[in-house]
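A short write-up of the structure that comes next.
Protein chains: 2
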Amino acid sequence: MSELPLLAKKLDEADELAPLRDRFVLDEVVYLDGNSLGALPAHVPDRVADVVRRQWGELRIRSWEESGWWTAPERIGDRIAPLVGAAPGQIVVGDSTSVNVFKALVAAIRMADDSRDELLVDATTFPTDGYIAESAARLTGRTLRPVTPAEVPGALGDRTAAVLLNHVDYRTGRLHDLPALTAAIHACGALAVWDLCHSAGALPVGLDEHGVDLAVGCTYKYLNGGPGSPAYLYVRSALQDRFDSPLPGWNSHAEPFGMSPAYTPAAGALRGRVGTPDILSLLALEAALDVWDGVSVTAVRAKSLALTDFFLRCVGEYTEPGRVECVTPEAHTERGSQIALRCPDAGEVMKRLIARGVVGDFRHPDVLRFGFTPLYTGFRDAERAARALGEELA
Amino acid sequence: MSELPLLAKKLDEADELAPLRDRFVLDEVVYLDGNSLGALPAHVPDRVADVVRRQWGELRIRSWEESGWWTAPERIGDRIAPLVGAAPGQIVVGDSTSVNVFKALVAAIRMADDSRDELLVDATTFPTDGYIAESAARLTGRTLRPVTPAEVPGALGDRTAAVLLNHVDYRTGRLHDLPALTAAIHACGALAVWDLCHSAGALPVGLDEHGVDLAVGCTYKYLNGGPGSPAYLYVRSALQDRFDSPLPGWNSHAEPFGMSPAYTPAAGALRGRVGTPDILSLLALEAALDVWDGVSVTAVRAKSLALTDFFLRCVGEYTEPGRVECVTPEAHTERGSQIALRCPDAGEVMKRLIARGVVGDFRHPDVLRFGFTPLYTGFRDAERAARALGEELA
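Protein chains in written order, with the working numbering: chain E, 1 to 394; chain F, 1001 to 1394.
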């Protein structure tokens, strides 16, 4: 009999983050899909109920001031900031990731010199980033050039206005070298725009430290904000005065209630706001972020790597050699917080795994994706998932 | 003593819509700010709790299919459709009004002949529409020309690509002539884009009947969807194949889970979707729309006019002549569902009214705004508000 179940138990017992699991609603399912939709933090339902029943139902319009609705986008941005290595005043929450990619790219192009007529986009990124980049290029008269992250240094030049990259590849789980790529982009005089959807909340990002210009990310994966919860936009302090939004809604006006027909942008990160903020979802996210109180992202990263290492070891022991190909890099410096395994029948295999209570997901055409959320995933979860996978693949 | 309190009571007793008030959470406050934030429908909290606790907390990722999350934008669009006179398949819900104005305007400009280089915008509209119109014009190389709705017929010409108009003026409550203006816009070969924020749910709109091309609206006023609930976009069936979105997110792709790097737009109204839909807010809105079951918009309109007529009569009796100026038109054909009264000390007067439990709002610089939501506002509310106003103005 394998020693892995016992080892998993020991690893869980030694895990200092293990008690965080109690902050979430979980059951007997092994949930390895937190990189698609994070689990529900246990205290969120009561907070949402208060927002609906008291703030909306009783205070109604007064809540815009009295319940802090109006300032929620920047207040919650400041809650996300430490998780991505940003000082306060640089992040606002609101709109979808796609919409924020649009704001960031058009604004980046406008910050670059007019002679720079090319926009580079990560060819391996989540598709929506590519579609939106194409629209941003079209509307600003730039040429879009898709390149892999590895090709970026060679593709940079005098023509490059901005580069949109994904920090972690959604399919393979590969972590790209944000510090080095950002430095290379800056060396050529272009702006670096990063999509943090698959990294924020799972590993240190260091936006300020590495001089990232603009960044976007969703909040429903490792940040557990709830289905389709609002995304965020980071604009580096030094660039905020030059942030010229393609979506200048009344919420980004210097004096929104002045109702002036002329647009004067607000100072700071507020410039990234657009329309009326979506309060129910925003405040559910704000509540969800409480689970991070006192949690170190460094500790989360260490556990994430230990979990994915252990999962790979279990897969190695439980699965016939050659039955799956791991497309996630072995090297820690190149690995996000998911393991992607390729096999021809991935779609069917994932269906069977889900039916027996091991929830990962399938990405077209042949990838099994297992996401590891260090806040609530344990080593026994990893072992159980690998064992079930081995049985289904046998 | 005035006969108005007794008359109000009789009018309430004869009001066939009066029982609908019980579908909302209301208290002793006279709430005349439903044109800013609709009151909470009584059954919404339990529905939201189910979405959070069961759909997110227990089913988690499975809810994208099993709880109908994925199809919510178009399903809820079809719930709004009859309220604005649209056949199914033409409305999707998601994003803010501002973002939808952007989609609609850029798409309208792209549908117009290239030689048409001018975009007309309602100079009296809610400011965000003007700001976004300016951005749409800038990004598409058109000239923006602000004109009042009355000036539109004279301003139309061969250069006009599209016209953005607000159905009801947010400040004065003036209802613009959607059928005639749309016809005039079409006669010159341009596209008509309407903002329905202040009309949908208060009066018949007739989008299909009058051949409106594109329309947007919020859902948190007369539709009671909750603070910052998602807005909607209407694209007339006949134009959907030519709808070329400036925000082509993965949710509007013909095959969103194909994860193709090339964008192929979905057919129909889905083309107006962008990123991952905001489920908590969307499903709160869906629940809120249940209050409309069996309610006729014609009956709502009749009550709205009766309410505003009665309120004006009460104001006339309770307020010293000349103390306030009514800026909302007398004519029913030109009146939305609010009454706007102008007086120099409007800001102070509204503060005192709110302190005594009569909630309207103030619009810079000198407008007192009283919104009448026929689903839950009664004639006694109107009388009480006018009486309090008269006392505060004395």
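We put the beta carbon where it would ideally sit given N, CA and C, even for glycine.
In this text the structure is predicted, and so the values were computed from the model without any measurement.
Quiz prompt | Residue-chain proximity (G316 of chain E, chain F), Cβ-Cβ < 8 angstroms | solution = no
Exercise. List the residues of chain E that F1257 of chain F touches, going by C-beta distances under 7 angstroms, in chain order.
Key: Per Cβ cutoff of 7 angstroms: H364.
Practice problem: Decide if R242 of chain E is buried, meaning its Cβ has at least 16 other Cβ atoms within 10 Å, or exposed. | Solution: exposed
Practice problem: May I ask you to list the residues that DSSP assigns as paired with A1192 of chain F? | Solution: F:V1163
Quiz item: Beta-carbon separation of V1358 of chain F and V1205 of chain F under 8 angstroms?
Solution: Contact: no.
Quiz item: Within 8 angstroms (strictly less), CB to CB, does E151 of chain E reach chain F?
Solution: no
Quiz item: Roughly how many whole angstroms lie between the Cα atoms of V216 of chain E and L1214 of chain F?
Solution: 30 angstroms
Quiz item: When you compare only the Cα positions, how much space is there between L1119 of chain F and G1130 of chain F?
Solution: Rounded to the nearest angstrom, the two C-alpha atoms are 11 angstroms apart.
Exercise. Examine the Cβ distances between the region 243 to 258 of chain E and the region 1005 to 1014 of chain F and report whether three or more of them are shorter than 8 angstroms.
Key: no
Quiz item: Of all the residues that make up the region 277 to 289 of chain E, which are near chain F by a beta-carbon distance shorter than 7 angstroms?
Solution: P277, D278, I279, L280, S281, A284
Practice problem: Can you grab the Cα-Cα spacing for the pair L341 of chain E / A355 of chain E, in whole Å? | Solution: 19 angstroms
Quiz item: If you follow the alpha helix (DSSP H) that G316 of chain E is part of, which residue opens it and which one closes it?
Solution: 297 to 318
Practice problem: Tell me, please, which residues DSSP counts as bridged to C1326 of chain F. | Solution: F:L1341
Exercise. For M1111 of chain F, collect the residues of the same chain with a Cβ closer than 7 angstroms to its Cβ; drop the 5 residues on either side in sequence, then sort them by chain order.
Key: L1191, L1239, R1242
Self-check item: Partners in chain E for Y1131 of chain F, counting only beta-carbon separations shorter than 7 angstroms
Solution: Neighbours of Y1131 of chain F on chain E, chain order: P248, G249, W250, Y263.
Quiz item: Between E1330 of chain F and chain E, is there a C-beta pair that is closer than 8 angstroms?
Solution: no
Self-check item: Interface partners of R1053 of chain F on chain E, CB under 7 angstroms
Solution: P45
Quiz prompt | Inter-residue CB distance, F397 of chain E and G347 of chain E (contact presumed, cutoff 8 angstroms) | solution = Since the first residue of chain E shown is 1 and the last is 394, residue 397 of chain E is not available in this structure.
Quiz item: With a CB to CB cut of under 6 angstroms and the five nearest residues on each side skipped, what residues in its chain are close to W1069 of chain F?
Solution: S1063, I1279
Exercise. Compile a chain-ordered list of the residues in the region 1086 to 1097 of chain F whose CB is closer than 7 angstroms to at least one CB of chain E.
Key: D1095, S1096, T1097
Self-check item: Straight-line gap, T1276 of chain F to T97 of chain E (C-alpha atoms, nearest Å)
Solution: Taking the CA atoms as reference points, T1276 of chain F sits about 8 angstroms from T97 of chain E.
Quiz prompt | Cβ neighbour criterion (16 or more within 10 Å) applied to T298 of chain E | solution = Residue environment: T298 of chain E is assigned as exposed (fewer than 16 neighbouring CB atoms within 10 Å of its CB, all protein chains considered).
Exercise. Using DSSP bridges, identify the partner residues of Y1232 of chain F.
Key: F:V1093, F:G1217
Practice problem: Output the distance between the C-alpha atoms of R227 of chain E and L282 of chain E, rounded to the nearest integer angstrom. | Solution: The sequence given here places Pro at residue 227 of chain E; Arg does not occur at that position. Rounded to the nearest angstrom, the two C-alpha atoms are 11 angstroms apart.
Self-check item: Alpha-carbon to alpha-carbon, R1079 of chain F and R387 of chain E
Solution: 46 angstroms
Practice problem: Measuring alpha carbon to alpha carbon, tell me which of F:L1223, F:A1133, F:E1391 ends up nearest E1320 of chain F. | Solution: F:E1391
Quiz item: From what residue to what residue does the alpha helix (DSSP H) around E28 of chain E run?
Solution: Where E28 of chain E is concerned, there is no enclosing alpha helix (DSSP H), given that its DSSP letter is neither H nor E.
Exercise. Taking P344 of chain E as the query, report the chain F residues whose CB atoms sit under 9 angstroms from its CB, ordered along the chain.
Key: Chain F residues near P344 of chain E: none, gap ~17 angstroms exceeds 9 angstroms.
Self-check item: Rounded straight-line distance, which links the Cα of V291 of chain E to that of V44 of chain E
Solution: 10 angstroms
Self-check item: Any C-beta of chain F under 8 angstroms from that of W194 of chain E
Solution: no
Quiz item: If the cut is a Cβ gap below 8 angstroms, which residues of chain E does S1337 of chain F touch?
Solution: Residues of chain E passing the Cβ test: none, with the nearest at roughly 16 angstroms.
Self-check item: Option in F:V1092, F:A1104, F:A1123 with minimal Cα separation from S260 of chain E
Solution: F:A1123
Quiz prompt | Residue of F:R1023, F:Q1055, F:L1196 minimising C-alpha distance to D1293 of chain F | solution = F:R1023
Self-check item: Residues of its chain near T1125 of chain F, where Cβ-Cβ distance is below 6 angstroms and the 5 sequence neighbours each way are ignored
Solution: Contacts found: N1166.
Exercise. Compare the Cα-Cα distances from K1221 of chain F to each of F:L1037, F:D1366, F:T1128 and report the closest residue.
Key: Its Cα nearest to that of K1221 of chain F, the residue F:L1037 stands out among F:L1037, F:D1366, F:T1128.
Quiz item: At a CB-CB cut-off below 7 angstroms, which residues of chain E make contact with W1056 of chain F?
Solution: L40, G226, P227
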